[in-house]
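Numbering (my numbering), first residue to last: 3 to 504.
All remarks here apply to the structure that follows.
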Amino acid sequence: MPPQPAAPQDFRPCSHPHLYEINTWTWLEQLSARLKKNITVAEVPDSEWDALATQGFNIVWLMGVWQRSPISRRLMLENPANAAQFNLALPGWKPEDVISSPYSVAGYSPDPRIGSWNSLDVAREKLRSRGIALFLDFVGNHTALDHPWMREHSEFYVQAPQEEFQRNPSLFYTQSTQGQRYIALAKDPYYPPWQDVAQLNHFNPGLRAAQIADLRTIASHCDGVRCDMAMLQLNDIFNANWRHLLGDTPTPEKEFWTEAHAAVPSLTLLAEAYWGTEQRLLDLGFSYSYDKTLYDAVRDANISQIRDRLWSNPERQSDFARFMENHDEPRRPEIFPNDRLAADGTLLATLPGMRFYHQGELEGRRIRQPISLRLAADEPPDLFSTNFFQKILRITKQDVFHEGKWNLLDVAPEGDAPTDALLVYEWRSPKAWKIIAVNLAAYTSQGRVHLGDRVSPTQNYIFNDELNNVRYDRSGQELHQMGLFVRRDPFQAHLFDITPAP
Numbered sequence: 003m004p005p006q007p008a009a010p011q012d013f014r015p016c017s018h019p020h021l022y023e024i025n026t027w028t029w030l031e032q033l034s035a036r037l038k039k040n041i042t043v044a045e046v047p048d049s050e051w052d053a054l055a056t057q058g059f060n061i062v063w064l065m066g067v068w069q070r071s072p073i074s075r076r077l078m079l080e081n082p083a084n085a086a087q088f089n090l091a092l093p094g095w096k097p098e099d100v101i102s103s104p105y106s107v108a109g110y111s112p113d114p115r116i117g118s119w120n121s122l123d124v125a126r127e128k129l130r131s132r133g134i135a136l137f138l139d140f141v142g143n144h145t146a147l148d149h150p151w152m153r154e155h156s157e158f159y160v161q162a163p164q165e166e167f168q169r170n171p172s173l174f175y176t177q178s179t180q181g182q183r184y185i186a187l188a189k190d191p192y193y194p195p196w197q198d199v200a201q202l203n204h205f206n207p208g209l210r211a212a213q214i215a216d217l218r219t220i221a222s223h224c225d226g227v228r229c230d231m232a233m234l235q236l237n238d239i240f241n242a243n244w245r246h247l248l249g250d251t252p253t254p255e256k257e258f259w260t261e262a263h264a265a266v267p268s269l270t271l272l273a274e275a276y277w278g279t280e281q282r283l284l285d286l287g288f289s290y291s292y293d294k295t296l297y298d299a300v301r302d303a304n305i306s307q308i309r310d311r312l313w314s315n316p317e318r319q320s321d322f323a324r325f326m327e328n329h330d331e332p333r334r335p336e337i338f339p340n341d342r343l344a345a346d347g348t349l350l351a352t353l354p355g356m357r358f359y360h361q362g363e364l365e366g367r368r369i370r371q372p373i374s375l376r377l378a379a380d381e382p383p384d385l386f387s388t389n390f391f392q393k394i395l396r397i398t399k400q401d402v403f404h405e406g407k408w409n410l411l412d413v414a415p416e417g418d419a420p421t422d423a424l425l426v427y428e429w430r431s432p433k434a435w436k437i438i439a440v441n442l443a444a445y446t447s448q449g450r451v452h453l454g455d456r457v458s459p460t461q462n463y464i465f466n467d468e469l470n471n472v473r474y475d476r477s478g479q480e481l482h483q484m485g486l487f488v489r490r491d492p493f494q495a496h497l498f499d500i501t502p503a504p
């Protein structure tokens, strides 16, 4: 058993938190090179944590802290398809640069390169002292092929009879420590199996109990977990994927995530979720879920889908994690180039919910690092990106974006330019009022936003565009009677701070 620290008080992120994902191994390699000594997470300089706090981050997700799998590393090296990716990310890479996948977990204790349990606790306390929560990973669907359960609890895994193995040997791993067993390689329903991980049997009560025990241990060292491919543990999805190998194993009465949330209610759960399962997972106890639907709609500039996503269920918008990149997606400049950043970046930074940023995103990095590589080539920061993200993070640190109320605003047609691509919404609190207007299309859009009783006809107002550093003075009478006229060029935005004129 790992050491159990004294039970800390619950520490939950603020509303609409900013999360920063760090590839922990890579980060430590970079810091170690700079400091000219090998460091663990306990020895990360305070200046690094200070910088994250200054930028306004409320959560740090240290991705990939658990024990890595030697088998996974070997498979990564042997797969010729990986060499091309490694060459792109790190020209001249050597075998020692390959470290195995962080999602092929060999055990829920820190990898020695990351540190110890005490190292994690030190990092957690440093983050807490700065008002930042610590998130780690939970990979519930599968384990590494050399996880101890493969030797000690083969019943925890989906297995096949010999004749099934002989029909499709590439779908299975042969386990010989308890007699010849054929363990299914993990997969989702739409892709070939992952070659370095074994599929857990989520209908096995012993496995569920063991995973709950793991979650309790993890919860004693962090404040939240990002749950990898969380929808694969839903009873119906698991059943559809694996029933042909489960025989008469009964479906559990409860969902695993219901049991997990009840067992560790203080742990904030973030779901990696796809296929429209987000709402189900939220209802089972997750605090946040990936919003891949919105990501795809913004990527494609699909205005109707963006509107549907935001208008259809406004009361649940604060439950989604919004992002322009993470370690599973291409780098931001490839999908959301700089000429779209003002609109797309402002939108995803100012919607309710979790605002999710990825290591290197703020600098506009273009090199996509494979997660089984310990580092990537150096790359100079992109000045346009750094300037934008410094500005948007400084603006969205303001309390109104965390404590205020968010509302979508109607935009009426005005003039000869179309209105359809103009999305306008507000954040309001007793102390502040913001209006954000984004044009999400490659053509000019304009319209009139009716403000009604939000303004007084006897009061004039200052509209300070914090994004573009421009001030507009507006008559309260005009605003009250006609509304606010907004016109934006392609993929541009306003971010107004509104105050009464003196």
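Idealized CB from N, CA, C, for every residue including glycine.
Please read all numbers here as calculations on a predicted model, not as lab measurements.
| query | result |
| --- | --- |
| First and last residue of the beta strand (DSSP E) that includes P335? | No beta strand (DSSP E) contains P335, which is instead part of the alpha helix (DSSP H) from R334 to I337. |
| With H, G and I counted as helix, E and B as strand and the rest as coil, what does DSSP make of T219? | helix |
| Give me, in chain order, the residues of the same chain whose beta-carbon lies closer than 7 Å to that of N328; leave out the 5 immediate sequence neighbours on both sides. | E23, F358 and H360 |
| T42: which of T26, T56, S49 and L54 sits nearest, CA to CA? | T26 |
| Just checking, does the stretch 61 to 80 make contact with the stretch 102 to 116 on the three C-beta pairs under 8 Å criterion? | yes |
| Taking the continuous alpha helix (DSSP H) assigned at W51, which residues delimit it? | D48 to T56 |
| Tell me whether K393 sits in a helix, a strand or coil according to DSSP, three-state version. | helix |
| Please determine, among Y276, N462, R76 and A414, the residue with the shortest C-alpha to C-alpha distance to Y192. | Y276 |
| Residue ranges of each alpha helix (DSSP H) run of no fewer than 4 residues wholly in the stretch 357 to 445, ordered along the chain? | 385 to 398 and 402 to 405 |
| By the 10 Å Cβ neighbour count, where 16 or more other Cβ atoms means buried, how is C229 classified, buried or exposed? | buried |
| Comparing C-alpha positions only, which one of P150, F493, W29 and A503 sits nearest to N466? | A503 |
| Looking at the structure shown, is H263 part of a helix, part of a strand, or coil, going by DSSP? | helix |
| So, do the stretch 459 to 475 and the stretch 411 to 428 have three or more beta carbon pairs nearer to each other than 8 Å? | no |
| To which residues of the same chain is L283 closer than 7 Å at the C-beta, ignoring the five residues directly before and after it? | A232, M233, W259, A273, A275 and S291 |
| Rounded to a whole number of angstroms, what is the C-alpha to C-alpha distance between L33 and G117? | 14 Å |
| Strictly by DSSP, which residues pair up with M65? | N25 |
| By Cβ distance, which residues of its chain are closer than 8 Å to V402, with the 5 residues on each side in sequence left out? | W429, R430, S431, K433, A434, W435 and K436 |
| Nearest to G208 by alpha carbon, out of H155, S320, Q182 and I464? | H155 |
| Drop a sphere of 10 angstroms on the beta-carbon of H246, count the other beta-carbons inside from all chains shown, and report buried for 16 or more, exposed for fewer. | exposed |
| Identify which residue in G362, P19 and V451 has its Cα closest to the Cα of W29. | G362 |
| Counting along the chain, where does the beta strand (DSSP E) carrying L271 start and finish? | T270 to A273 |
| Measure the Cβ-Cβ separation of D225 and F13 and say whether it is below 7 Å. | yes |
| Anyone know if the C-beta pair for G58 and H18 falls short of 7 Å? | no |
| Is DSSP giving Y474 helix, strand or coil here? | strand |
| Between which two residues does the alpha helix (DSSP H) containing Q87 stretch? | P82 to A91 |
| Can you grab the Cα-Cα spacing for the pair Q197 / Y445, in whole Å? | 46 Å |
| Check whether the stretch 338 to 347 and the stretch 440 to 455 touch, using three or more Cβ-Cβ pairs below 8 Å as the test. | yes |
| With a cut-off of 7 Å, does the C-beta of R333 fall near any C-beta of chain C? | The question asks about chain C, but that chain is absent: this structure has only one protein chain. |
| Quick one: what's T179 bridged to in DSSP? | G181 |
| Nearest CA to the CA of F240: which residue from V160, S314 and H404? | V160 |
| Report the rounded CA-to-CA distance for A143 versus F487, giving the unit in angstroms. | The question names Ala, but residue 143 in the sequence shown is Asn. One C-alpha to the other measures close to 51 Å. |
| Residues in the same chain with beta-carbon distance under 6 Å from L481, minus the five sequence neighbours each way, listed in chain order, please. | L453 and V457 |
| Looking only at its chain, what residues have a beta carbon closer than 8 Å to the beta carbon of T270, apart from the 5 residues adjacent to it on each side? | R14, P15, A135, F137, D225, G226, V227, S289 and Y290 |
| Out of A495, A414, A423 and S447, which has the shortest C-alpha to C-alpha gap to M484? | A414 |
| Does Q168 come out as helix, strand or coil in the three-state DSSP assignment? | helix |
| Assess contact between the stretch 42 to 52 and the stretch 376 to 387, defined as three or more Cβ pairs (one per stretch) separated by less than 8 Å. Is contact present? | no |
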